[in-house]
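For reference, the structure is listed below as structure tokens.
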Amino acid sequence: MADDRPLLFFDSGVGGLSVLSPTRALLPAAPIVYAADNGGFPYGTRSEAEIAARVPALLGRLAERFDPRLIVVACNTASTIALAAVRAALDLPVVGTVPAIKPAAALSATRAIGVLGTEATVRQPYVDDLTARFAADCLVLRHGSARLVTLAEAALAGEPTDAADYAAVLAGLLDQPGGERIDTVVLACTHFPLVSDRLAAAAPRPIAFVDGGAGIARRVAHLTAGQAWPDAPGPGTAMFTAPRPIGDGLRASLGRYGLNHIAFL
Ligand code: DGL
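Residue numbers for the sequence shown follow my numbering, beginning at 1 and rising by one.
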């Protein structure tokens with residue numbers, strides 16, 4: 001295998017950066033293409049049919065263009081709806097992102113956990129299944145928030161965001177019946193770990209936030225173990241599906257993740 005084939009990360013927007021970050025820490029020599037479907041953003045308010053039609057087709061085009069050695073679907077919404085279809089369509093390893101309900105259940109002392117995701121993710125049978133398998137003895141409350149996705153995009157674009165907005169998102173979970181017992185919250189949208197500090201600061205009490213980023217990074221390292229990497233990887237590519245202006249704030253944030261080359265599909 002040629003040693004310059006990249007890892008391809010895919011999300012609707014900047015969320016997948018929360019998965020890219022721990023992966024780069026484990027595999028610093030990996031060439032990176034980060035694809036953001038800004039033309040389809042946001043995914044969380046779309047129907048299952050829209051996601052199922054869009055994501056495999058788009059990943060097929062991206063795979064043809066970049067010849068990646070592995071794809072990370074760094075988006076819970078796309079993964080919980082379309083992962084099987086993506087795997088069926090592509091002849092290369094595909095790592096998905098699923099809500100970290102198992103580690104959250106292992107951590108919770110109160111046996112009450114929250115799942116904060118997009119509206120599309122929190123209604124998936126996949127979440128029912130994970131809950132039944134790994135958190136059967138827990139109260140599991142869910143809340144879907146498109147607002148928090150927008151807040152994370154704004155934060156990464158360098159725009160100010162308001163603490164009251166983060167508090168209001170958390171209230172959607174914690175104010176449900178039984179929510180006062182929650183001690184652990186699954187960040188089941190890859191955008192959310194990008195603002196976990198702000199969520200923690202806005203929380204009415206100490207809460208543990210759990211996401212799948214580190215586990216996905218370990219999985220990518222495992223699947224690529226023994227493969228050759230370039231001696232000096234070039235700048236990572238941030239690829240956008242729609243030719244919209246990319247502001248200075250977002251460019252600076254992308255640069256902090258090693259993505260110094262901007263391109264459009
Ligand atoms: N980052 C995505 C996720 O993990 C979706 C955000 C959105 O486009 O609504 O679910």
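Where a beta carbon is used, it is the ideal one built from N, C-alpha and C, also for glycine.
Cβ-Cβ distance between residue i and residue j below 8 Å
i, j, result
"T77", "G44", "yes"
"I113", "I216", "no"
"V95", "R219", "yes"
"A36", "A238", "yes"
"L173", "V186", "no"
"T90", "A221", "In the sequence under discussion, the amino acid at residue 90 is Leu, which differs from the Thr named in the question. No."
"A167", "T161", "no"
"C75", "G15", "yes"
"A135", "A105", "yes"
"D67", "R133", "no"
"L295", "S253", "Past the boundaries of the shown model lies residue 295; the chain is included only from 1 to 265, so the question cannot be answered."
"P56", "A30", "no"
"R147", "D165", "yes"
"N38", "A242", "yes"
Own chain partners of residue i with C-beta closer than 6 Å, once the 5 adjacent residues on each side are dropped
i, result
"T110", "R181 and D183"
"G236", "I32, G258 and L259"
"T118", "G44, T77, G144 and C189"
"I262", "A238 and I246"
"Q176", "L141"
"T150", "none"
"I207", "V185"
"Y126", "T80"
Opposing strand residues paired with residue i [DSSP bridges]
i, result
"Y166", "For Y166, which the question treats as bridged, DSSP gives no partner whatsoever."
"L259", "G236"
"R142", "V115"
"Y34", "F9 and A238"
"T268", "This structure leaves residue 268 out entirely; the chain is present only between 1 and 265."
"I71", "L8 and V94"
"F264", "F240"
Spatial neighbours of residue i in its chain, beta-carbon cut-off 8 Å, leaving aside the 5 residues before and after
i, result
"I51", "Y43, T77, A78, I81, A82 and A120"
"G178", "A112, L139 and L141"
"L130", "V98, P99, I101 and K102"
"L70", "L7, L8, L92, P93, V94, V95, V220, L223 and T224"
"S21", "G213 and Y257"
"R61", "L265"
"R24", "A30, I32, Y257 and G258"
"D248", "G158"
Proximal residues to residue i (C-beta, below 7 Å), its chain only, five neighbours per side dropped
i, result
"S18", "T190, P193, L194, D211 and G213"
"S196", "L187 and F209"
"P230", "D3, D4, A29 and P31"
"L107", "T184, A208 and V210"
Buried or exposed by the 16-neighbour rule on C-beta atoms within 10 Å, applied to residue i
i, result
"L250", "buried"
"D11", "buried"
"R256", "exposed"
"F209", "buried"
"G13", "buried"
"S47", "exposed"
"A152", "buried"
"F264", "exposed"
"R198", "buried"
"A88", "exposed"
"A63", "buried"
"R54", "buried"
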